[in-house]
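Residue numbers (full-length UniProt numbering): 1 to 342. The beta-carbon is built from N, C-alpha and C at its ideal position, and this holds for glycine as well. Data block below; observations after.
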Ligand code: ADP
Ligand code: MG
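Here it is as structure tokens:
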């Protein structure tokens, strides 16, 4: 019989990386979500070779104080929660304290950060999970994280990376999904030195519409209903695509719960039912919807990638979604009735 032994920390982090860091887009997701959690107004994402060679995320957020740098890259260390109570009410995108050490364990990683009140920035490099001592650096207030040669030390993962265009497409899609909900934040995305997206911060309903149109097309804007409905402690707002905005693929479906993009069976079922009478078989609705509810009513700690949630009162949520969407779509049917009769 083999004896039981404690695993080395680099290996623990690599195992954790296996759960959430599947491809370059997963790195971008974790880094940009950290920037948003840090209150950034501006996030710049530079990608080379689909992210396999370089991912650099720069923000103007709160930064990390010098003494906390070693913790930022340590497993199970976070500034976002401190207790079980906090976990139940978590309002940030992150809370697991695993992303940075995971990413750093499967790449050549560097973090440079300066809080506004700190005179100098510090830079810490981690090579395949082994941190070097921090050194002083030049940096404006905020944080830059560089991830080079992702999976260079995990050949099995590296081999599974798809074509550069495919990997970049996933990154672009991920940025779009964050830019749809964080409309007040400016996003810049470049690939191989070429500017791909420049999304200016929106400040009112009109500039928010500009961003939605930028990301989903003018057609979607024109062929969708703006909704905002609240009842029983639930609020649903956003854009409900009309049947004319339906698609051959389910590629314009964004559903956020308390600001987090999620995939959920209950949500999917309610949406499908609401559209059942107005869509032809095989067509997929387009929508951008934001559900807000008391954080205590939803568990976000279901899966490491945090793209799944569990509703405490799933029946209530389902019926609220179905009714709200069905009512919105019914109005359009009533509105179009005269032209059908004519
Ligand atoms: P989590 O986001 O779950 O807390 P991470 O491993 O992603 O865990 O990050 C660890 C900690 O590092 C965060 O809790 C935060 O305090 C700090 N951090 C990471 N990225 C940034 C950033 N861009 N700006 C400021 N602080 C950051
Ligand atoms: Mg995080």
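Item checked: Chain-ordered list of residues that sit, by beta carbon, closer than 5 Å to a heavy atom of the ligand MG -> Chain-ordered list of matching residues: 34, 94 and 99.
Margin query: Does the beta-carbon of residue 79, which I'm using as the reference point, lie nearer than 7 Å to any heavy atom of the ligand ADP?
Written below: For the purposes of this step, residue 79 is taken as residue 79 along the chain shown, with counting starting at 1. Residue 79: yes, Cβ under 7 Å from the ligand ADP.
Margin query: Can you tell me whether residue 6 is buried or exposed? The criterion is at least 16 other CB atoms within 10 Å of its CB, across all chains shown.
Written below: Taking the first residue of the chain shown as 1, we reach residue 6 at position 6. The C-beta of residue 6 has fewer than 16 other C-beta atoms within 10 Å across all chains shown, which makes the residue exposed.
Item checked: residue 46 beta carbon near the ligand ADP (any heavy atom closer than 7 Å) -> Working through the chain shown from its first residue, we reach residue 46 at position 46. Not so, every heavy atom of the ligand ADP lies at least 7 Å from the Cβ.
Notebook entry, point to check: Between the Cα of residue 281 and the Cα atoms of 247, 251, 187 and 313, which residue gives the shortest distance?
Noted result: Start at 1 with the first residue of the chain shown, and residue 281 comes out as number 281. With distances taken between Cα atoms, residue 281 lies closest to 247.
Margin query: Please state the DSSP three-state secondary structure of residue 241.
Written below: As a working note, residue 241 is residue 241 in the chain shown. Strand, per DSSP.
Note to self: Contact between the region 238-256 and the region 216-228 is defined here as three or more beta-carbon pairs at a separation below 8 Å; is this criterion met?
What the structure shows: yes
Check: Hey, residue 324 and residue 212: beta-carbon distance below 8 Å or not?
Finding: Here residue 324 corresponds to residue number 324 of the chain shown, with the count starting at 1. Here residue 212 corresponds to residue number 212 of the chain shown, with the count starting at 1. Contact flag unset, no.
Checklist line | Range of the contiguous alpha helix (DSSP H) that encloses residue 297 | finding: Here residue 297 corresponds to residue number 297 of the chain shown, with the count starting at 1. Unbroken run through residue 297: none, as it is neither H nor E.
Notebook entry, point to check: So what's residue 22 in DSSP terms, helix, strand or just coil?
Noted result: Stepping through the chain shown from its first residue, residue 22 is reached at position 22. Coil at residue 22, not helix or strand.
Next item on the list: Spell out the partners DSSP gives residue 113 in its beta bridges.
Entry: What you label residue 113 is simply residue 113 of the chain shown in a count that begins at 1. Paired residues: 122 and 143.
Notebook entry, point to check: For residue 186, does the three-state DSSP call read helix, strand or coil?
Noted result: On the chain shown, residue 186 is found 186 positions in, with the first residue counted as 1. Strand, per DSSP.
Checklist line | Identity of the residue in 291, 148 and 142 nearest residue 128 by Cα | finding: One-based indexing of the chain shown puts residue 128 at position 128. Of 291, 148 and 142, the residue nearest in Cα terms is 148.
Notebook entry, point to check: Could you give the C-beta distance for residue 52 and residue 70, rounded to a whole number, given that I count them as a contact under 8 Å?
Noted result: For the purposes of this step, residue 52 is identified with residue 52 of the chain shown, where counting begins at 1. For the purposes of this step, residue 70 is identified with residue 70 of the chain shown, where counting begins at 1. That pair is no contact at about 28 Å.
Notebook entry, point to check: Cα separation between residue 314 and residue 255?
Noted result: Locating residue 314 in the chain shown gives position 314, counting from the first residue. Locating residue 255 in the chain shown gives position 255, counting from the first residue. Going from the Cα of residue 314 to the Cα of residue 255 covers about 16 Å.
Note to self: Can you check which of these residues, 43, 175, 305 and 312, is closest to residue 343 by C-alpha distance?
What the structure shows: In the structure as shown, the chain starts at 1 and stops at 342, and residue 343 therefore has no counterpart that could be examined.
Check: How far does the alpha helix (DSSP H) with residue 177 in it reach, from first residue to last?
Finding: Residue 177 sits at position 177 when you count from the first residue of the chain shown. It spans 164-181 - the alpha helix (DSSP H) in which residue 177 sits, taken as one unbroken run.
Next item on the list: Compute every distance between the C-beta of residue 101 and the non-hydrogen atoms of the ligand ADP, then say whether any falls below 7 Å.
Entry: One-based indexing of the chain shown puts residue 101 at position 101. The answer is yes for residue 101.
Checklist line | residue 320 classed as buried or exposed, judged by whether at least 16 other C-beta atoms fall within 10 angstroms | finding: For the purposes of this step, residue 320 is taken as the residue at position 320 of the chain shown. Label assigned to residue 320: buried.
Margin query: Here's a check: name, in chain order, each residue in its chain whose Cβ is nearer than 6 Å to the Cβ of residue 139, leaving out the five neighbours to either side.
Written below: For the purposes of this step, residue 139 is taken as residue 139 along the chain shown, with counting starting at 1. Beyond the five residues adjoining it in sequence on each side, residue 139 comes within less than 6 Å, by CB distance, of 112, 114 and 121 in the same chain, given in chain order.
Next item on the list: Assign residue 45 to one of three DSSP states: helix, strand, or coil.
Entry: In the chain shown, the residue the question calls residue 45 occupies position 45. Looking at residue 45 - three-state DSSP - the assignment turns out to be strand.
Margin query: Our contact map puts residue 322 next to residue 253 with C-beta atoms below 8 Å; I'd like the distance itself, whole angstroms only.
Written below: Counting from one through the chain shown, the residue named residue 322 turns up at place 322. Counting from one through the chain shown, the residue named residue 253 turns up at place 253. Not a contact, Cβ separation roughly 16 Å.
Notebook entry, point to check: Any heavy atom of the ligand ADP closer than 7 Å to the CB of residue 149?
Noted result: Position 149 of the chain shown, counted from the first residue, corresponds to residue 149. Distance from the C-beta of residue 149 to the nearest heavy atom of the ligand ADP is not below 7 Å.
Notebook entry, point to check: Can we say the region 70-86 touches the region 281-295, given the rule of at least three CB pairs closer than 8 Å?
Noted result: no
Next item on the list: Give the C-beta separation of residue 234 and residue 180 to the nearest angstrom, bearing in mind that I take them to be a contact with Cβ-Cβ under 8 Å.
Entry: Position 234 of the chain shown, counting from 1, holds the residue named residue 234. Position 180 of the chain shown, counting from 1, holds the residue named residue 180. Contact flag wrong, Cβ pair sits at about 20 Å.
Notebook entry, point to check: Is residue 18 near the ligand ADP, going by C-beta to nearest heavy atom under 7 Å?
Noted result: Taking the chain shown and counting its residues from 1, one reaches residue 18 at position 18. No, the beta carbon of residue 18 sits no closer than 7 Å to any heavy atom of the ligand ADP.
Check: Going along the chain, which residues of its own chain have a beta-carbon closer than 6 Å to the beta-carbon of residue 337, five neighbours each way excluded?
Finding: Here residue 337 refers to the residue found at position 337 when the chain shown is read from its first residue. Any reading at residue 337 must be qualified, since the residue scores a pLDDT of 43, below 50, and its modelled position is unreliable; the value itself is stated next. So no residue of the chain qualifies.
Note to self: Taking 8 Å as the threshold (C-beta atoms), are residue 68 and residue 40 in contact?
What the structure shows: Here residue 40 refers to the residue found at position 40 of the chain shown. Here residue 68 refers to the residue found at position 68 of the chain shown. Cβ distance not < 8 Å, so residue 40 and residue 68 don't count as in contact.
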